[in-house]
Amino acid sequence: MYMPLMVDLKKVVIFGGERGEGLQKTQKLSFFADDLLVVPEDTTEQRRLLIPKGRPSELKEKLIRGEERWIPLHPVAAKDADLESLITQSNFVVSDLSDPLINEQIFTIATRQGILCNVIDTKPLCNTWFMSLLQTDHLLVGLSTKGQAAFLSAQLRQKLQPWVEHQEKTARFWVELQSQMVLAGKRNDIAALRASFSLKWILSVFGPRFARRWAQHLLRQKGFLCRTPSSKI
614 MYMPLMVDLK KVVIFGGERG EGLQKTQKLS FFADDLLVVP EDTTEQRRLL IPKGRPSELK
674 EKLIRGEERW IPLHPVAAKD ADLESLITQS NFVVSDLSDP LINEQIFTIA TRQGILCNVI
734 DTKPLCNTWF MSLLQTDHLL VGLSTKGQAA FLSAQLRQKL QPWVEHQEKT ARFWVELQSQ
794 MVLAGKRNDI AALRASFSLK WILSVFGPRF ARRWAQHLLR QKGFLCRTPS SKI
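Listed below in structure tokens is the structure:
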């Protein structure tokens with residue numbers, strides 16, 4: 614059984630992440646992994662891989678980098694590398710190697726140590742898989758066909774992209790309002806505002822600017838909070 618989760622990627626190792634599908638995964642993971650290491654399939658004199666500013670060349674998703682990032686390349690090719698040591702240091706492993714035996718080794722080591730692993734286009738050697746992503750400043754949406762029809766996820770992403778981008782203003786309003794109220798020590802008032810029909814209506818019709826003013830008005834109303842059902846955040 615699989616369940617979608619948001620994972621904090623501390624250290625990711627990508628075998629064969631310097632070209633093809635592996636490079637696409639390197640570019641995608643550069644947005645989310647704190648520490649990223651590419652282990653090349655073949656020996657190379659290159660020691661770093663550049664992920665340029667803007668939209669990476671291999672990505673189909675609309676993910677935009679604010680600045681360039683250099684990804685270190687392991688000095689030893691995958692076939693000669695200490696797989697056990699490299700995998701042990703990570704919490705997510707990806708492989709796009711052409712050698713199926715090394716891919717099997719990588720998956721075996723990762724699963725034995727309870728580490729997430731994805732061998733690209735080889736479902737039996739995966740205990741996790743990538744989703745097709747939609748991202749704005751305050752929203753992150755993942756689409757998946759459970760690893761069975763990636764093309765459909767891509768089609769759905771293209772159809773949903775305009776709608777998700779349209780919802781960004783609403784997401785920004787609630788995120789900023791909640792953050793401001795927490796800083797002001799008014800955490801208990803957030804649930805009351807979320808339950809306000811008038812606030813949601815004004816937000817949908819007139820937008821965030823007027824909704825912020827209405828939220829301030831509601832909080833000044835005597836007895837507003839006690840009249841509105843409350844719930845935990």
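With the first letter of the sequence shown counted as 1, position 137 gets the number 750 in our numbering; the numbers rise by one all the way through.
We put the CB at the ideal spot given by N, CA and C, even for glycine.
Please read all numbers here as calculations on a predicted model, not as lab measurements.
Could you tell me which residues DSSP puts in a beta bridge with residue i?
| i | result |
| --- | --- |
| residue 648 | 624 |
| residue 705 | 625, 729 |
| residue 755 | 746 |
| residue 663 | 683 |
Assuming residue i is part of the alpha helix (DSSP H), what are its boundary residues?
| i | result |
| --- | --- |
| residue 685 | Note, residue 685: premise wrong, no alpha helix (DSSP H); beta strand (DSSP E) at 682–685. |
| residue 766 | 763–796 |
| residue 677 | Where residue 677 is concerned, there is no enclosing alpha helix (DSSP H), given that its DSSP letter is neither H nor E. |
| residue 654 | Counting along the chain, residue 654 falls outside any alpha helix (DSSP H), and DSSP gives it neither H nor E. |
| residue 635 | 633–642 |
| residue 816 | 810–819 |
| residue 710 | First-last for residue 710: undefined, no H or E at that position. |
| residue 807 | 803–807 |
I need the boundaries of the beta strand (DSSP E) containing residue i, first residue and last residue.
| i | result |
| --- | --- |
| residue 670 | Looking at the DSSP string, residue 670 is not in any beta strand (DSSP E), and its letter there is neither H nor E. |
Determine the closest residue to residue i out of the options, with distance taken between C-alpha atoms.
| i | options | result |
| --- | --- | --- |
| residue 710 | 649, 630, 802 | 630 |
| residue 680 | 705, 621, 640 | 640 |
| residue 662 | 677, 676, 637 | 637 |
| residue 703 | 683, 624, 769, 829 | 624 |
| residue 678 | 643, 783, 767 | 643 |
| residue 744 | 833, 770, 632, 735 | 770 |
| residue 755 | 615, 614, 619 | 619 |
| residue 621 | 729, 676, 824 | 729 |
| residue 774 | 746, 832, 733 | 746 |
| residue 657 | 810, 827, 614, 688 | 688 |
| residue 804 | 831, 724, 635, 734 | 831 |
| residue 822 | 787, 807, 808 | 787 |
| residue 816 | 797, 781, 701 | 781 |
| residue 632 | 615, 664, 617, 614 | 664 |
| residue 691 | 617, 800, 716 | 716 |
| residue 627 | 676, 684, 693, 724 | 684 |
| residue 834 | 806, 819, 682, 705 | 806 |
| residue 694 | 725, 653, 706 | 653 |
| residue 811 | 666, 827, 800, 789 | 827 |
| residue 660 | 667, 686, 682, 676 | 686 |
| residue 778 | 706, 676, 616 | 676 |
Is it the case that the CB of residue i approaches a heavy atom of the ligand PLP more closely than 8 angstroms?
| i | result |
| --- | --- |
| residue 693 | Within the structure as shown, the ligand PLP is missing, as the structure has no ligands at all. |
* **Residue ranges of each alpha helix (DSSP H) within the region 712–751, 4 or longer** => 713–725
* Asked: Given 8 angstroms as the limit, is there contact between the region 756–763 and the region 782–795, that is, 3 or more CB pairs closer than that?
  -> no
* Would you call the region 665–684 and the region 697–713 in contact, with 3 or more CB pairs under 8 angstroms? -> no
* Asked: Within the chosen definition, does the region 727–741 reach the region 749–758 through at least 3 CB pairs nearer than 8 angstroms?
  -> no
* Pair every Cβ in the region 640–657 with every Cβ in the region 718–725, then say whether three or more of these pairs are closer than 8 angstroms. => no
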